[in-house]
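Convert by adding 39 to the 1-based position in the sequence shown; the result is the number in the numbering used here. The next block holds one structure in the form of structure tokens; read it before the comments.
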Amino acid sequence: MIIGSHVNFNKEQLLGCVKQALSFGANTFMFYTGAPQNTVRKEIDLDLTKQAFNYMKENNIDINNVICHAPYIINLANKEKEDSWNFSISFLKNEINRINMMQVKYIVVHPGNSLKLDKMDALHNISDALNLVIDENTIPMILIETMAGKGSECGINIYELKEIYNNIILKDKVGFCLDTCHLNDSGVDISDFDSYLDEFEEQIGIEKIKCVHINDSKNDLGMKKDRHANLGYGTIGFNNLINVIYNPRLKNVPKILETPWIGEYPPYKIEIDMIKSKKFNSNLENDVKKLYE
Ligand code: FE
Ligand code: FE
Ligand code: ZN
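Right, here's the structure in full:
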């Protein structure tokens, strides 16, 4: 099983990410190369990157399973303000160059918001943008994340994802990232996850799923909200999430937790223990506090 969580890209950059991941008992991780909500970025430190690589080797973390997440303020879907659309494209290109320096192979991108645009036009803008970002020499694969359906989000069901994908020129450079909270909130019943995979296989192909975000949801099925909950503390439920994590059809796909922190502490060590033992921990809050206080 390839399991990890979101980690912080702090002063120690990739090395800091590896240290956090190992402290959670993880064998992979996902990071933003700066703050998720803005585009301020520091230069990649090659010395820290080298140290991170040595540390990964010693601890059996394969860089091929490590995921980067692009900041969520970039919007590839709306072209009404041509400047900001162009900015999103050049920022994403730049981000790809940065993660190349760290040999990271996957970058998750939110498809974006259509705002006042017609949905179909917005979906085509996303494909157009990705066609401008990607060329034959692009190494990391761009993973389009499935969204909850909040506001004017694009990519909220398999058909919208397929519409984006169909207009991609270099299809081998694009894949998908599922998110269990987003699926639930968009109306996919996670207790019947295999039916979703069947549909995905028929429309796009399961081999295109390269990452799964594992989150419970604070909202009921189809509420179009996107608020993550800790494993077993939401409406999806622990056993349904375990069935996604251990689903044999997604065996070698990295699973990444993006569940909320308990106050100032990350819950991931305890949640990863729950996943490994397949046993729900009803004392999450206390156990997390015990770990860090
Ligand atoms: Fe995301
Ligand atoms: Fe996610
Ligand atoms: Zn989310």
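Just so you know, even glycine gets a beta-carbon here, dropped at the ideal spot from N, CA and C. In this text, all values refer to a predicted model and were calculated from it rather than measured experimentally.
Checklist entry - Would the C-beta of E324 count as close to ligand 1, meaning under 7 Å from any of its heavy atoms? => result In the sequence shown, the residue the question calls residue 324 occupies position 285. No, the Cβ of E324 stays beyond 7 Å of every heavy atom of ligand 1.
Checklist entry - Taking 7 Å as the cut-off, is the CB of E51 close to at least one heavy atom of ligand 2? => result Here the question's residue 51 lines up with position 12 in the sequence shown. No; taking the cut-off as 7 Å, the Cβ of E51 has no heavy atom of ligand 2 nearer than that.
Checklist entry - Got a sec, what are the start and stop residues for the alpha helix (DSSP H) G55 sits in? => result Mapped onto the sequence shown, residue 55 falls at position 16. From DSSP, the alpha helix (DSSP H) with G55 extends over 52-62.
Checklist entry - ligand 2: which residues have Cβ under 6 Å from any of its heavy atoms, chain order? => result E184, D218, H252, E297
Item to check | Member of N117, F126, G64 whose CA lies at the smallest distance from the CA of I100 | outcome: For the purposes of this step, residue 100 is taken as the residue at position 61 of the sequence shown. That would be G64, whose Cα lies nearest to the Cα of I100.
Item to check | Length of the line joining the Cα atoms of S225 and Y272 | outcome: On the sequence shown, position 186 is the one that residue 225 refers to. On the sequence shown, position 233 is the one that residue 272 refers to. In a straight line, the C-alpha of S225 is about 19 Å away from that of Y272.
Checklist entry - On the three-state DSSP scale, how would you describe L171? => result Mapped onto the sequence shown, residue 171 falls at position 132. Reduced to three states, the DSSP call for L171 is helix.
Checklist entry - So which of V147, I113, L182, N93 has the shortest CA-CA distance to Q76? => result On the sequence shown, residue 76 is found 37 positions in, with the first residue counted as 1. Of V147, I113, L182, N93, the residue nearest in Cα terms is I113.
Item to check | For I42, the residue or residues it bridges with in DSSP | outcome: As a position in the sequence shown, residue 42 is number 3, starting the count at 1. Bridge partners of I42: K294.
Checklist entry - Is D265 near ligand 3, going by C-beta to nearest heavy atom under 7 Å? => result Position 226 of the sequence shown, counted from the first residue, corresponds to residue 265. Yes, ligand 3 has a heavy atom inside 7 Å of this Cβ.
Item to check | Every unbroken beta strand (DSSP E) within the region 107-165, with a cutoff of 3 residues, ordered by chain | outcome: 145-148
Checklist entry - Since F68 sits in a beta bridge, which residues does DSSP pair it with? => result Counted from its first residue, the sequence shown places residue 68 at position 29. In the DSSP output, where bridge partners are listed per residue, F68 has S44.
Next on the checklist: Rounded to the nearest angstrom, what separates I203 and Y331 at their Cα positions?
Outcome noted: For the purposes of this step, residue 203 is taken as the residue at position 164 of the sequence shown. For the purposes of this step, residue 331 is taken as the residue at position 292 of the sequence shown. Going from the Cα of I203 to the Cα of Y331 covers about 43 Å.
Checklist entry - Is V147 near ligand 1, judged by its Cβ being under 7 Å from some heavy atom? => result Indexing the sequence shown from 1 puts residue 147 at position 108. Yes, the beta carbon of V147 sits closer than 7 Å to at least one heavy atom of ligand 1.
Next on the checklist: Taking 8 Å as the threshold (C-beta atoms), are T67 and I83 in contact?
Outcome noted: On the sequence shown, residue 83 is found 44 positions in, with the first residue counted as 1. On the sequence shown, residue 67 is found 28 positions in, with the first residue counted as 1. No.
Checklist entry - Buried or exposed: which applies to P293, given that a residue is buried once 16 or more other Cβ atoms fall within 10 Å of its Cβ? => result The sequence position of residue 293 within the sequence shown is 254, counting from 1. Buried, by the Cβ-count rule.
Checklist entry - So, using beta-carbon positions, are D255 and C216 closer together than 8 Å? => result As a first step, residue 255 must be located in the sequence shown, where it is residue number 216. As a first step, residue 216 must be located in the sequence shown, where it is residue number 177. It is not a contact, given that the beta carbons lie outside the stated cut-off.
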